[in-house]
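Below is one structure, written out as structure tokens; the observations come after it.
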Amino acid sequence: MSSGQYFADDPSVGSDPRPVEIALPDVAFTLTADRGVFSADHLDAGTKFLLLEAPPLTSADAMVLDLGCGWGPIACVAAARAPQAAVWAVDVNERARHLTELNAAAIGAAEQIRVATPESVPADVRFDRILSNPPIRIGKHALHDLMQCWLPRLTPNGCAHLVVQKHLGSDSLASWLRNNGYDVDRIKSRAGFRILEVRPEG
């Protein structure tokens, strides 16, 4: 795995932080992104689509997971929309975690957003909602391992909302998830992106 990739533990590419404006109908703030992290200078189209179109967080969403948090746009928006929730932001990338911590502090959510490596999330923590633009480019087998690690940590009534580009395998991922015991619905589709809603079967 190249250490220049956004899914590397410790990116070797030099740091060059820059501000990124988040402007949604209900949330607006400025966060910081950087090289060596996914979508290093803007809010990417897939994540924006997820933030615009995923079903709203509710009071039932007490535990929220941003899986593959990058510089933290999903975690920060989730925290702003659901101040009652504990938001976990998980990434293997050390620079991404640092940026998410900075951004959480910048919006006043440092106590609400818990930034963690995958292995440091306690084994008994369960999530009511998972929101993710998953790292498709890690490869199909690694992606499936990621799903098998985190989707079983949904609560019985919990659900995941995943945004995936059609040409990067959204339909095949949906089929694989169904074959592995999950209820999957494609709830939104636009400009080549799909939002998949994933629930424990039954």
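Everything in the sequence shown is counted per the working numbering, starting at 11 for the first residue and increasing by one. Backbone N, C-alpha and C fix where the C-beta goes; we use that ideal spot for every residue, glycine too. Everything numeric in this text was worked out from a predicted model, so none of it was measured.
Per the DSSP calculation, threonine 57 is bridged to which residue(s)? Translated into the one-based positions of the sequence shown, residue 57 becomes position 47. According to DSSP, threonine 57 bridges with nothing at all.
Does DSSP put histidine 177 in a helix, a strand or coil? Against the sequence shown, residue 177 aligns to sequence position 167. Three-state DSSP puts histidine 177 in a helix.
Do leucine 112 and threonine 42 have their C-beta atoms closer together than 7 Å? Residue numbering aside, residue 112 sits at position 102 when the sequence shown is read from its first letter. Residue numbering aside, residue 42 sits at position 32 when the sequence shown is read from its first letter. In contact: leucine 112 and threonine 42 (Cβ atoms closer than 7 Å).
I need the straight-line Cα distance from valine 30 to leucine 187, nearest angstrom please. Taking the first residue of the sequence shown as 1, we reach residue 30 at position 20. Taking the first residue of the sequence shown as 1, we reach residue 187 at position 177. Whole-angstrom Cα-Cα distance: 33 Å.
What separation, rounded to the nearest whole angstrom, lies between the Cα atoms of threonine 40 and isoleucine 32? Taking the first residue of the sequence shown as position 1, residue 40 is located at position 30. Taking the first residue of the sequence shown as position 1, residue 32 is located at position 22. Distance between the alpha carbons of threonine 40 and isoleucine 32: 6 Å.
Identify whether histidine 171 lies in helix, strand or coil by the three-state DSSP scheme. Here residue 171 refers to the residue found at position 161 when the sequence shown is read from its first residue. In this structure, histidine 171 counts as strand in the three-state DSSP scheme.
Is the beta carbon of leucine 77 less than 7 Å from the beta carbon of valine 100? Start at 1 with the first residue of the sequence shown, and residue 77 comes out as number 67. Start at 1 with the first residue of the sequence shown, and residue 100 comes out as number 90. Result yes, Cβ atoms of leucine 77 and valine 100 sit closer than 7 Å.
Look at the alpha carbon of serine 25 and the alpha carbon of alanine 184, and state the distance between them as a whole number of angstroms. By one-based count along the sequence shown, residue 25 stands at place 15. By one-based count along the sequence shown, residue 184 stands at place 174. Taking the straight line from one Cα to the other gives about 36 Å.
With a 10 Å radius around its C-beta and 16 neighbouring C-beta atoms as the bar for buried, classify histidine 171 as buried or exposed. The sequence position of residue 171 within the sequence shown is 161, counting from 1. Looking at its Cβ environment, which holds 16 or more other Cβ atoms inside 10 Å, histidine 171 is buried.
State the DSSP-derived secondary structure class of alanine 43, mapped to helix, strand or coil. Position 33 of the sequence shown holds residue 43. Correct three-state label for alanine 43: strand.
Runs of alpha helix (DSSP H) lying entirely within the segment 105 to 174, each at least 4 residues, in chain order: 150 to 160
Under the three-state reduction of DSSP, which class applies to tryptophan 194: helix, strand or coil? Counting from 1 along the sequence shown, the entry for residue 194 is found at position 184. A small fix is needed here, since residue 194 is valine in this sequence, not tryptophan. In the structure shown, the three-state DSSP call for valine 194 is strand.
Given a cut-off of 7 Å on the beta-carbon distance, is the pair valine 87 and leucine 61 in contact? Locating residue 87 in the sequence shown gives position 77, where the first residue counts as 1. Locating residue 61 in the sequence shown gives position 51, where the first residue counts as 1. A contact, by the Cβ cut-off of 7 Å.
Arginine 200 versus alanine 126: straight-line alpha-carbon distance, rounded: Looking up residue 200 in the sequence shown gives position 190. Looking up residue 126 in the sequence shown gives position 116. Those two C-alpha atoms are separated by around 32 Å.
Rank Pro132, Asn167, Asp181, Asp71 by C-alpha distance to the C-alpha of cysteine 159 and give the top, closest one. As a working mapping, residue 159 is identified with position 149 in the sequence shown. Of Pro132, Asn167, Asp181, Asp71, the residue nearest in Cα terms is Pro132.
By Cβ distance below 8 Å, which residues in the same chain neighbour histidine 177 in space, the five residues on each side in sequence not counted? Start at 1 with the first residue of the sequence shown, and residue 177 comes out as number 167. Excluding sequence neighbours, histidine 177 sits near Gly202.
What did DSSP end up calling arginine 98 once you bin it into helix, strand or coil? Residue mapping note: residue 98 aligns to position 88 of the sequence shown, counting from 1. Sequence check: residue 98 is tryptophan here, not arginine. Three-state DSSP puts tryptophan 98 in a strand.
Alpha carbon to alpha carbon, what distance is there between aspartate 44 and arginine 28? In the sequence shown, residue 28 corresponds to position 18, counting from 1. In the sequence shown, residue 44 corresponds to position 34, counting from 1. C-alpha separation (whole angstroms): 6 Å.
When we look at the beta-carbon of proline 128 and count the other beta-carbons within 10 Å, is it buried (16 or more) or exposed? The residue you call residue 128 lines up with position 118 of the sequence shown. Under this definition proline 128 is an exposed residue.
Selected residue, minimal CA-CA separation from leucine 58, among Leu206, Glu211, Val173: Residue mapping note: residue 58 aligns to position 48 of the sequence shown, counting from 1. Inspection of the sequence shows that residue 58 is occupied by lysine rather than by leucine. Of the listed residues, the one whose Cα sits closest to lysine 58 is Val173.
Who does leucine 75 pair with in a DSSP beta bridge? Mapped onto the sequence shown, residue 75 falls at position 65. Leucine 75 is bridged to Trp98, Ile140.
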